[in-house]
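Asker: In the order they appear, the protein sequences are chains A and B. When the letters of the first sequence are read in order and numbered with our numbering, they come out as residues 1 to 267. When the letters of the second sequence are read in order and numbered with our numbering, they come out as residues 1 to 307.
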Amino acid sequence: MRGESAIPFAFRVISWLTLAILLIPVVIVILAGLNSGDYLTFPPQGLSLRWVVAFLTSETFLPAFGTSLLIALITTLISTIIGTMAALVLSRARGRIVNALRVLFILPIVLPGIVVGLALYVFYISTDVGLARTMAGLIIGHVIVTCPFVIATVTAVLVGFDRSLEEAARSLGASPFTAFRLVTLKVISSSISAGAIFAFIISFGQFEVTLFLSGPNLQTLPITMYTALRYSFEPTAAAAGIFAIFLVVAATVTTSRITDLKRIFGR
Amino acid sequence: MYGMAVTVGSDGRVIRPAILIRIARGPAFWWLVVPAVVFFIIFFLVPTASLFALAFNKPATGVIDLSAALSIDNFIRIFTRSIYYEAIFRSIGIASLVCIVGLLLGYPLAYVIAKTSNPGRNALLMVLVLSSMQLDMVIRLYGLMVLLGDNGLINSTLLDLGLIKAPLPLMYNIFGVVVGLVQITLPFMILSLIGSITSIHPSLEEAARSLGASRARAFFSVVFPMSMPGILAGTLIVFSLAMSSYVVPALMGGWKVLVMPIHIYQQVAETGRWQFGAAIAVVLFVSGLLAITLYHLAAMRAAGGRS
Numbered sequence: 001m002r003g004e005s006a007i008p009f010a011f012r013v014i015s016w017l018t019l020a021i022l023l024i025p026v027v028i029v030i031l032a033g034l035n036s037g038d039y040l041t042f043p044p045q046g047l048s049l050r051w052v053v054a055f056l057t058s059e060t061f062l063p064a065f066g067t068s069l070l071i072a073l074i075t076t077l078i079s080t081i082i083g084t085m086a087a088l089v090l091s092r093a094r095g096r097i098v099n100a101l102r103v104l105f106i107l108p109i110v111l112p113g114i115v116v117g118l119a120l121y122v123f124y125i126s127t128d129v130g131l132a133r134t135m136a137g138l139i140i141g142h143v144i145v146t147c148p149f150v151i152a153t154v155t156a157v158l159v160g161f162d163r164s165l166e167e168a169a170r171s172l173g174a175s176p177f178t179a180f181r182l183v184t185l186k187v188i189s190s191s192i193s194a195g196a197i198f199a200f201i202i203s204f205g206q207f208e209v210t211l212f213l214s215g216p217n218l219q220t221l222p223i224t225m226y227t228a229l230r231y232s233f234e235p236t237a238a239a240a241g242i243f244a245i246f247l248v249v250a251a252t253v254t255t256s257r258i259t260d261l262k263r264i265f266g267r
Numbered sequence: 001m002y003g004m005a006v007t008v009g010s011d012g013r014v015i016r017p018a019i020l021i022r023i024a025r026g027p028a029f030w031w032l033v034v035p036a037v038v039f040f041i042i043f044f045l046v047p048t049a050s051l052f053a054l055a056f057n058k059p060a061t062g063v064i065d066l067s068a069a070l071s072i073d074n075f076i077r078i079f080t081r082s083i084y085y086e087a088i089f090r091s092i093g094i095a096s097l098v099c100i101v102g103l104l105l106g107y108p109l110a111y112v113i114a115k116t117s118n119p120g121r122n123a124l125l126m127v128l129v130l131s132s133m134q135l136d137m138v139i140r141l142y143g144l145m146v147l148l149g150d151n152g153l154i155n156s157t158l159l160d161l162g163l164i165k166a167p168l169p170l171m172y173n174i175f176g177v178v179v180g181l182v183q184i185t186l187p188f189m190i191l192s193l194i195g196s197i198t199s200i201h202p203s204l205e206e207a208a209r210s211l212g213a214s215r216a217r218a219f220f221s222v223v224f225p226m227s228m229p230g231i232l233a234g235t236l237i238v239f240s241l242a243m244s245s246y247v248v249p250a251l252m253g254g255w256k257v258l259v260m261p262i263h264i265y266q267q268v269a270e271t272g273r274w275q276f277g278a279a280i281a282v283v284l285f286v287s288g289l290l291a292i293t294l295y296h297l298a299a300m301r302a303a304g305g306r307s
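#1: On the CB-based measure, 16 or more other CB atoms within 10 Å of its CB, does T293 of chain B come out buried or exposed?
#2: Please report how far the alpha carbon of A53 of chain B lies from the alpha carbon of A95 of chain B, in whole angstroms.
#3: Does F188 of chain B pass the burial test, meaning 16 or more other C-beta atoms within 10 Å, or should it be called exposed?
#4: For L204 of chain B and chain A, any beta-carbon pair shorter than 8 Å?
#5: Find the nearest neighbour of V159 of chain A within the set A:A136, A:S79 and A:L90, judged by alpha-carbon distance.
#6: Could you tell me the boundaries of the alpha helix (DSSP H) in which L104 of chain B lies?
#7: Following the continuous alpha helix (DSSP H) through A69 of chain B, name the residue where it begins and the one where it ends.
#8: Any beta carbon of chain B sitting closer than 8 Å to that of A20 of chain A?
#9: Please state whether DSSP places N173 of chain B in a helix, a strand or coil.
#10: Report the three-state DSSP secondary structure of G215 of chain A (helix, strand or coil).
#11: If we define contact as Cβ-Cβ less than 8 Å, is I100 of chain B a contact residue for chain A?
#12: So G37 of chain A contacts chain B; which residues on that side make the cut at Cβ distance below 9 Å?
#13: Pull up the distance between the alpha-carbon of L130 of chain B and that of T254 of chain A, whole angstroms please.
#14: Please confirm whether P27 of chain B has its beta-carbon closer than 8 Å to some beta-carbon of chain A.
#15: For a cutoff of 8 Å on Cβ pairs, would you count F285 of chain B as touching chain A?
#16: Taking A281 of chain B as the query, report the chain A residues whose CB atoms sit under 7 Å from its CB, ordered along the chain.
#17: Please confirm whether V248 of chain B and L191 of chain B have their CB atoms less than 8 Å apart.
#18: Compare the beta carbon distance of I151 of chain A and A244 of chain A with 8 Å and say whether it is the shorter of the two.
#19: Which residues in chain A have a C-beta closer than 8 Å to the C-beta of G106 of chain B? List them in chain order.
#20: Listed from N- to C-terminal order along the chain, which residues in the stretch 135–151 of chain A have their beta-carbon within a distance smaller than 9 Å of any beta-carbon of chain B?
#21: What three-state label does DSSP hand N372 of chain B in the structure shown?
#22: Between G254 of chain B and T224 of chain A, what straight-line distance do the alpha-carbon atoms span, to the nearest angstrom?
#23: Where does Q45 of chain A land, buried or exposed, given buried means 16+ other C-beta within 10 angstroms?
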């Protein structure tokens, strides 16, 4: 308590302002999606489920939501499996090759998303492998930008993992696989879940990488909302946003319950 | 498998020959990394390398295949036409401004979160920051556009109250782009700062206070310098995010604020000049890297000069 009263007054004021900047856009989307009028006014005209119904019967937004969900789920599955496998090696092995691999797995988040997407699009077209503007091609792009987060999250926990636990299991007669399954996997399972949830959220909201890889028959929710925003503030888009907001908040609360977030981000 | 080689010492403790421990510790599972490496080489390294190579081909509209004839025409064009080289400075300038505003707004909230000892309040603040970071950018931009547009909430309210005669230009200009980028990147700044502020032991600040320093003096000569690693990390992340964003300048700037990612999209998607688009991508990547390296060196120098 004493520590909290030591926070300067100016810091408290700016903190409220910062929280407002973070949250007001989200509140506006929710209000716009539940508003009964054609456009949002202040104060709102009244609540209605009109735009939520419009979203649930929409021929553009609802399929886009489904596409985003499907892509995010497949991306999460692939990224979590290959990312966890890679993290197990990266956290234990040493040497020049391993350092080079660490750089390789960080590069996709250093490079601008639009460049990653463009590079893949050019690659698909020039090699003529039939992946351009397909769901498989888009998922590959999403795996490239989500996998680094899985690797970072799982490695963070593995580095602090006491390997003598696994050795103890081995010395008690467990096979390497059993020791790994019963000891190591159990210890890192929460960080794998956290990594998987990050991968899901990043894929679900991905815009920049998707931009070049989507097509007329392959529209994700962010792309559909972007196209709609170029012309008008359609409240149906806001209603679709409400569903996405709930999905993301639920995922974030789950992650914060299963892992110590400060440990992952506080480095 | 190695179980039979384990011997038990006289005191009952397990004694294991050193060689076996090394095998167990060594990369016995090295093949686990193979799928990820193969995937990243085929779908990331090769495409990116060939895109960068494409930048050194002569521009040919609609042609996408690599040719062996190298040229630097694209780069000469970028550095001799003001519309392109101004975009480089615009991109760097906007990203720097976003860093400064983000630090001024983010530091106090990070400090409050780091100093909040109540676990429930702390968790609530963390979830609010994280949720706003992870929420789809386009959704957040929708909210900002409804707020800042010419017919948006701010302008229509002010017009109704008679405080202004014409809508304030809050969007479709650099101001709108900066506001959008600050909104998008703030959580990254805050999360980078929380860690380094938490790791400063409170007794250091108390010691400064007990030696007679004012609260402000204790903050600026103890807490602020000691949180430098977090400030450095936060500003670096925010800078690269702000510099490489396409969707924020596109929506908040309404294609009027020409930054490098906008040029890339226009060259490729609208005019089909793949080689030129690729060259701007190279310049975007290299100038970002250069700016970050210079900043990092300057920061290291400043830190070195102080100690």
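Cβ atoms here follow ideal geometry from the backbone N, Cα and C, with glycine treated the same way.
Answerer: Checking against the coordinates, here is how it stands:
#1: exposed
#2: 27 Å
#3: Buried is the call here.
#4: no
#5: A:L90
#6: S82 to K115
#7: Looking at the DSSP string, A69 of chain B is not in any alpha helix (DSSP H), and its letter there is neither H nor E.
#8: no
#9: coil
#10: strand
#11: no
#12: Residues of chain B whose Cβ lies closer than 9 Å to the Cβ of G37 of chain A do not exist; the shortest such Cβ separation is about 12 Å.
#13: Rounded to the nearest angstrom, the gap between the Cα atoms of L130 of chain B and T254 of chain A is 12 Å.
#14: Its pLDDT being 44, under 50, P27 of chain B is placed unreliably by the model, and the measurement read from it follows with that caveat. Yes, because at least one Cβ of chain A sits closer than 8 Å to the Cβ of P27 of chain B.
#15: Against chain A, the CB of F285 of chain B has a partner CB under 8 Å away; the residue lies at that interface.
#16: V115 and L118
#17: no
#18: no
#19: Simply T18.
#20: Within the stretch 135–151 of chain A, contact with chain B at the beta-carbon level (separation under 9 Å) is assigned to I140, G141, V143, I144, C147 and I151.
#21: Because residue 372 of chain B is not part of the residues shown, which for chain B are 1 to 307, the question remains open.
#22: 17 Å
#23: Q45 of chain A comes out exposed.
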